[in-house]
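Okay, so here's the structure we're looking at.
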Amino acid sequence: MINTDLRQQIIALKQQRQAVILAHNYQRPEIYDVADFIGDSLELSRQAATTTAAVIVFCGVHFMAETAAIVCPDKTVLLPDLGAGCSLAESITVDQLRAWKAEHPQAVVVMYVNTSAEVKAEADYCCTSSNAVKVVQAIPANREILFGPDMFLGAYVQRQTGRPLHIWPGECHVHAGFRQEHLTAIQQRHPRAEIILHPECGCISQCLYMMDQQQLTNVKVLSTSGMIKAVTASPADEFIIGTEIGIIERMKRTVPEKKYIPLKEDAICKYMKKITLENTLQALQHMQHRITVPDDVRRRAKLAIDRMIAIG
Ligand code: 13P
Ligand code: SF4
Numbered sequence: 291m292i293n294t295d296l297r298q299q300i301i302a303l304k305q306q307r308q309a310v311i312l313a314h315n316y317q318r319p320e321i322y323d324v325a326d327f328i329g330d331s332l333e334l335s336r337q338a339a340t341t342t343a344a345v346i347v348f349c350g351v352h353f354m355a356e357t358a359a360i361v362c363p364d365k366t367v368l369l370p371d372l373g374a375g376c377s378l379a380e381s382i383t384v385d386q387l388r389a390w391k392a393e394h395p396q397a398v399v400v401m402y403v404n405t406s407a408e409v410k411a412e413a414d415y416c417c418t419s420s421n422a423v424k425v426v427q428a429i430p431a432n433r434e435i436l437f438g439p440d441m442f443l444g445a446y447v448q449r450q451t452g453r454p455l456h457i458w459p460g461e462c463h464v465h466a467g468f469r470q471e472h473l474t475a476i477q478q479r480h481p482r483a484e485i486i487l488h489p490e491c492g493c494i495s496q497c498l499y500m501m502d503q504q505q506l507t508n509v510k511v512l513s514t515s516g517m518i519k520a521v522t523a524s525p526a527d528e529f530i531i532g533t534e535i536g537i538i539e540r541m542k543r544t545v546p547e548k549k550y551i552p553l554k555e556d557a558i559c560k561y562m563k564k565i566t567l568e569n570t571l572q573a574l575q576h577m578q579h580r581i582t583v584p585d586d587v588r589r590r591a592k593l594a595i596d597r598m599i600a601i602g
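Residue numbers (the working numbering): 291 to 602.
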């Protein structure tokens, strides 16, 4: 079936089912065309929490759909492909977190939203790339903090807040691959370009060090939606983009007259790309695959998410 037919069928069925389609910024362009809202993890969880629709079709990865199921248990949350996982979310299990907590019984636990519901249920606070610094700043200065599972985000937060953190050694397989050498090589070809990095990037600590040494300027560290706002607001007309390359299409649609250079051409999240128009249509046709969270886990995980949302 051609995309126009699929798109029309999805839009018609979406109305019939009183459904809303929430899509992450890394989704395929054809998914943007059927989405009601496109955003980063924090914006998507806020949308899920406030939508009046009966059904949420989540065009993103599993932990995002699970977060929607945690914040709105009265809604039907569908993930078009159960294979849409996340290597970062898999880098810490609930048993590993419990063991870590047992070593630091007095610590406050901050877990990135890229985690399973069980892991969130063991956390005091959840955070996303756009509010991790604020969440850590909101914790009293005398408290010990366990931060996970992304070690690059952890290093960034530690530097921005000046707080010593215990950091879990997890990573995202896409962002961990970004190296300082990639940046240096691209920068030589595009010396005027503004550099925008996601805090999960493997080169983040080195970049921050170079910024401190005045060897690198013109760098911003932002969530995926923060990046889109930055390219919109910046007077620059050329940007080096350090994140999954799907976002570049979103930037081109938002500010078409500017130039976007991927820091790494092969930075593709295979999990995000599992979502297609075909399986989005099937999700609506067959009301599949429903994402639910057991009630006791859900209530505990929701506390950590609510604390995050209250902070910002
Ligand atoms: P954002 O919350 O910045 O969209 O990040 C989500 C993610 O999975 C990045 O890899
Ligand atoms: Fe997870 Fe990395 Fe994909 Fe983001 S890009 S969803 S962190 S695997």
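Backbone N, C-alpha and C fix where the C-beta goes; we use that ideal spot for every residue, glycine too.
The structure displayed is predicted, hence computed values, not measured ones.
Our two residues, Trp-458 and Ser-381, have alpha carbons roughly 9 Å apart in a direct line.
For Ile-599, the enclosing alpha helix (DSSP H) has its first and last residue at 585-601. Residue range 549-552 is occupied by the beta strand (DSSP E) that includes Tyr-550, with no alpha helix (DSSP H) assigned at that position. With the criterion CB distance below 7 Å from any heavy atom of the ligand SF4, the matching residues run Tyr-316, Val-351, Cys-376, Ser-377, Leu-378, Ala-379, Asn-404, Cys-462, His-463, Val-464, His-465, Glu-490, Glu-534, Cys-559, Tyr-561 and Met-562 along the chain. Here the alpha carbon of Thr-570 sits roughly 19 Å from the alpha carbon of Gln-337. For the alpha helix (DSSP H) assignment, the uninterrupted runs of no fewer than 4 residues enclosed by the stretch 403-480 are, from N- to C-terminal side, 407-411, 422-427, 441-451 and 470-479.
Of the residues assessed, Ala-358 falls on the buried side of the cut-off, its CB having 16 or more other CB atoms within 10 angstroms. Between Glu-408 and Val-384, the C-beta gap is smaller than 7 Å, which places the two residues in contact. If you ignore the 5 residues before and after Ser-524, its C-beta comes within less than 7 Å of the C-beta of Glu-484, all in its own chain and listed in chain order. Taking a C-beta distance under 7 Å as the contact criterion, Tyr-316 and Met-562 qualify as a contact pair. For Ile-301, there is no enclosing beta strand (DSSP E); the enclosing alpha helix (DSSP H) covers residues 293-306. Going by DSSP, Glu-568 is part of the alpha helix (DSSP H) stretching over 567-576.
Ala-557 places its beta carbon less than 7 Å from that of Ile-535. Taken through DSSP and simplified to helix, strand or coil, Ile-581 comes out as coil.
Assignment of beta-bridge partners to Phe-529 by DSSP yields Glu-484 and Tyr-550. The stretch 358-370 makes contact with the stretch 573-582, as at least three CB pairs between them are under 8 Å. In the DSSP assignment, the residues bridged to Thr-366 are Val-345.
Straight-line spacing of the CA atoms in Thr-566 and Ser-513 works out to 24 Å.
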